[in-house]
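Structure first, then comments.
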Amino acid sequence: MMADNPSQQDASVPSSSSPRTIAIVQDGDLRLRQVVNQDIIDFQVDSKAISSGSPSLERMVHESMAESRAPGEDFVIVLPCHSIGPLGTILKIIHGQTDSVKRSISLESLKDILLLAETHEVSHLLRPFTRAWLEAIWKRVDMADRQLDAQALIYVGYQLGEEELFLAGTHHLTIGCSLRADGSLADRRGNIVSDAMLCGGVWGESRPWPARAAPLEHLRENSDEIDTPSTESILSARISALKAVLQEYQEWIEDFLLEHRPCQHEVLAQCDAHLLGNFLMPMMKADPEFLVRSAAAVSISVEQLFDTLSTAITQPRAPPALSGFLQSRAAKYVGFIDGMGLFLDGEHREEFAEQREKMGI
Numbered sequence: 137m138m139a140d141n142p143s144q145q146d147a148s149v150p151s152s153s154s155p156r157t158i159a160i161v162q163d164g165d166l167r168l169r170q171v172v173n174q175d176i177i178d179f180q181v182d183s184k185a186i187s188s189g190s191p192s193l194e195r196m197v198h199e200s201m202a203e204s205r206a207p208g209e210d211f212v213i214v215l216p217c218h219s220i221g222p223l224g225t226i227l228k229i230i231h232g233q234t235d236s237v238k239r240s241i242s243l244e245s246l247k248d249i250l251l252l253a254e255t256h257e258v259s260h261l262l263r264p265f266t267r268a269w270l271e272a273i274w275k276r277v278d279m280a281d282r283q284l285d286a287q288a289l290i291y292v293g294y295q296l297g298e299e300e301l302f303l304a305g306t307h308h309l310t311i312g313c314s315l316r317a318d319g320s321l322a323d324r325r326g327n328i329v330s331d332a333m334l335c336g337g338v339w340g341e342s343r344p345w346p347a348r349a350a351p352l353e354h355l356r357e358n359s360d361e362i363d364t365p366s367t368e369s370i371l372s373a374r375i376s377a378l379k380a381v382l383q384e385y386q387e388w389i390e391d392f393l394l395e396h397r398p399c400q401h402e403v404l405a406q407c408d409a410h411l412l413g414n415f416l417m418p419m420m421k422a423d424p425e426f427l428v429r430s431a432a433a434v435s436i437s438v439e440q441l442f443d444t445l446s447t448a449i450t451q452p453r454a455p456p457a458l459s460g461f462l463q464s465r466a467a468k469y470v471g472f473i474d475g476m477g478l479f480l481d482g483e484h485r486e487e488f489a490e491q492r493e494k495m496g497i
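Going by my numbering, the letters in the sequence shown line up with residues 137 to 497, in that order.
This is the structure in C-alpha cells:
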C-alpha cells in the first residue's frame, strides 16, 4: 500500500531495485515514479510543465517541494499505479510533444487515457487527438465480438459523447453479464461490473434511465425507470431481457401444446410428449429449475439462456412433426436480443452532445 502522501515512496518497493527511466524531458527536474509489481519506472519530466498542465499534479508538486530533501537527492513523486503506456501518453501531451502521440490505439488504452485525464484534470488537452482515436476504435473494434470489454465501451462512449459506442457497451453488458452468488454482476471476462465504469460517478445529476427490453417496438412503453446508469440499471435491463426470452420460449411451448394433442402414437418418434421432451431437454440440461425460476434468479447470462433455447428451437435433427412447427416460427427469433440494453432519451442525448463538444469531436 502506498503512503498517504503520494510524494513518499511506497515502503514495499525493494530498496535494491534500480528505476527504469523513461525520459519525457531529457534534463527534467522531476521524476514521476510508478511501481508495477517489482519494477520501478520513473518518468523524467519538467516540474513547471507538469504544474501548468495539470491541477492535480501541480498540487502534488507543491506538496513535495515543501518537504525537505538531502542535497543532490532526486525530486521524486510516487503516483498511484497507472498503466504505463497511457500515463506516458498523458505526460507527452502535457509537455506538448504531440508528434509522438499515437493516433491509433486500443479500446483499453483509450479507456485508461480518459480515466487518467479525468483524474489529473487534463481532459481538455486531449481535444486534438480524440477524433483520430475514435476513428481508430471504430476501425479496430468489431461490435459483434462477444469478448469486447463492455465496461470500457460504456465509459469511452460516454466520455467522448459517442452514443453508438455507449449503447453497444450497454447491450453487450446486458446480455453478457452473469449473476454471482453474492448478488454482484460479472461481465464476460469475469470482471465485476463497477459503477465507476458505468458512469455512475460521471453524470452530473440523477435522471431517469430506462432499461431497454424486447420487443423493440415496445421499448419505452414497457421499460423500467432507473435513477442513473449503474450496476442497478444493467441489472434491471438484464432481468427485463431474461423475462422477454423466457416468455418467448414459454409461448412457443404453449403454441406447441395447442397444435399437438396428447399422445396417441405407438411409435415414439411420432409421440407428442416425446417431441415436447426434445423441445425442453436442452434447457433442462442447462438449468433444471428454469421452468420454476423467476428471471431475477437466473444466474447464467441472457446470451447463454438465449443460445440454449435457440438450439432447442432450431435443432436440426428434430422429428418431422416438430421440425415443421419450429421452422414456421424460427424467423421470429432472428435478432431477438439485438436491441437489449439501455437507450437514450432526449436529455441524455443533449448531454452526449455536450460531451462531444467538450472533447472536440
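Glycine residues also receive a C-beta, built at the ideal position from the N, C-alpha and C atoms.
Computed from a predicted structure; not experimentally measured.
For residue i, is the classification buried or exposed, using 16 other Cβ atoms within 10 angstroms of its Cβ as the cut-off for buried?
i    : result
E357 : Because E357 sits at a pLDDT of 37, beneath the cut-off of 50, its placement in the model cannot be relied upon, and the following sentence gives the value as read from the coordinates. Result: exposed.
M476 : buried
D178 : buried
G232 : exposed
G297 : buried
V258 : buried
A288 : buried
K247 : buried
I430 : Note on identity: in this sequence residue 430 is Ser, with Ile being the wrong assignment. Result: exposed.
R374 : buried
P169 : Correcting the residue type first, residue 169 is Arg in the shown sequence and not Pro. Answer is buried; the Cβ neighbour count reaches 16.
S192 : exposed
Could you check the C-alpha separation between residue i and residue j for me, to the nearest Å?
i    : j    : result
L227 : H307 : 34 Å
Q295 : G326 : 24 Å
T234 : A286 : 29 Å
Q383 : V438 : 13 Å
P536 : Y385 : With the chain represented from 137 up to 497, any question about residue 536 goes unanswered, as that position is not in the structure.
L270 : K494 : 14 Å
A304 : D281 : 11 Å
G189 : S219 : 20 Å
T255 : Y291 : 14 Å
E299 : P155 : 42 Å
L478 : E368 : 12 Å
L309 : R324 : 8 Å
S187 : Q440 : 50 Å
Got a sec, what are the start and stop residues for the beta strand (DSSP E) residue i sits in?
i    : result
A432 : Run containing A432: none; DSSP gives neither H nor E here.
F488 : No beta strand (DSSP E) holds F488; the alpha helix (DSSP H) holding it covers 482–494.
F179 : 175–181
Residues in the same chain with beta-carbon distance under 7 Å from residue i, minus the five sequence neighbours each way, listed in chain order, please.
i    : result
G221 : S245
S236 : K228
T157 : D178, Q180
Give every residue of the same chain whose Cβ lies closer than 6 Å to the Cβ of residue i, excluding the five residues on either side of it in the sequence, and list them in chain order.
i    : result
I249 : P222, T225
G496 : R263, T266
L166 : V181, S183, F211
V434 : L378
N173 : none
Grab the span of the alpha helix (DSSP H) containing residue i for me, first residue to last.
i    : result
V292 : 286–295
A159 : Element bounds for A159: not the alpha helix (DSSP H) but the beta strand (DSSP E), 156–159.
L252 : 243–255
F479 : F479 -> no alpha helix (DSSP H), and no H or E assigned at all.
R267 : 263–276
L227 : 220–230
V197 : 191–201
I497 : Segment: none, I497 is in no alpha helix (DSSP H) and carries neither H nor E.
Between which residues of its own chain and residue i is the CB-CB distance below 8 Å, once the five residues before and five after are set aside?
i    : result
F442 : I311, V381, F472, I473
Comparing the C-beta of residue i with each C-beta of chain C, is any distance below 8 Å?
i    : result
Q233 : In the displayed structure, chain C is absent; only one protein chain is listed.
At least three beta-carbon pairs within less than 8 Å, the segment 257–271 to the segment 316–332: Look at the beta carbons and you see the segment 257–271 not touching the segment 316–332: under three pairs across the two are nearer than 8 Å.
At least three beta-carbon pairs within less than 8 Å, the segment 480–489 to the segment 317–326: Output reads no: the segment 317–326 does not touch the segment 480–489.
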